Amino acid sequence: MNKLRTGDEVIVISGKDKGKTGTLTKIKGDRCLVSGIKLVKKHVKPNPQINEPGGIIEKESFINISNIAFYNTSAKKRDKLQINLDEKKGKIRVSKSTNKEVK
1 MNKLRTGDEV IVISGKDKGK TGTLTKIKGD RCLVSGIKLV KKHVKPNPQI
51 NEPGGIIEKE SFINISNIAF YNTSAKKRDK LQINLDEKKG KIRVSKSTNK
101 EVK
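What follows is the structure, encoded as structure tokens:
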């Protein structure tokens with residue numbers, strides 16, 4: 001079970017972008033998109049119907065979810081998440097090092 005959600009601040013723990021942080025934008029199976037991480041160059045043909053110029057663009061590529069970890073912005077380091085049960089809210093995600101709720 002994956003405890004990360006879109007919108008979380010994450011840090012890359014392995015690969016060429018190791019140590020970089022970004023926001024999780026999309027999760028698809030065991031792969032995910034992180035803003036500003038694993039930029040690749042893509043050659044695009046011009047499309048006059050939608051007024052799109054051709055050329056080489058840079059875009060984010062998918063990265064394996066095992067290569068990222070939750071980034072605790074208050075502690076400025078990576079952290080693990082745990083699930084706690086609350087009577088009013090139900091399941092909540094909690095940072096293990098600070099015991100504070102994660103949005």
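Residue 77 in the numbering used here sits at position 77 of the sequence shown, with consecutive numbering throughout.
Positions of the beta carbon are idealized from the N, C-alpha and C atoms, including for glycine.
This one's a predicted model, so the numbers in the text were calculated from it and none came from an experiment.
Going by other Cβ atoms of all chains shown within 10 Å of its Cβ, with 16 needed for buried, is residue i buried or exposed?
i, result
"residue 24", "buried"
"residue 40", "exposed"
"residue 51", "exposed"
"residue 72", "buried"
Answer yes or no: do residue i and residue j have a C-beta to C-beta separation smaller than 7 Å?
i, j, result
"residue 15", "residue 35", "no"
"residue 20", "residue 12", "yes"
"residue 27", "residue 42", "no"
"residue 101", "residue 94", "yes"
"residue 99", "residue 92", "no"
"residue 54", "residue 46", "yes"
Just confirm the distance between the C-beta atoms of residue i and residue j, as a whole number of angstroms; I'd bet it's less than 8 Å.
i, j, result
"residue 64", "residue 30", "6 Å"
"residue 115", "residue 79", "Any question about residue 115 goes unanswered here, given that the chain covers just 1 to 103."
Tell me residue i's beta-bridge partners as DSSP assigns them.
i, result
"residue 11", "21 and 69"
"residue 74", "Partner(s): none; residue 74 has no beta bridge."
"residue 86", "90"
"residue 54", "Bridge partners of residue 54: none, in fact."
"residue 30", "Per DSSP, none; premise fails for residue 30."
"residue 100", "Partner(s): none; residue 100 has no beta bridge."
"residue 4", "In DSSP, residue 4 forms no bridge with anything."
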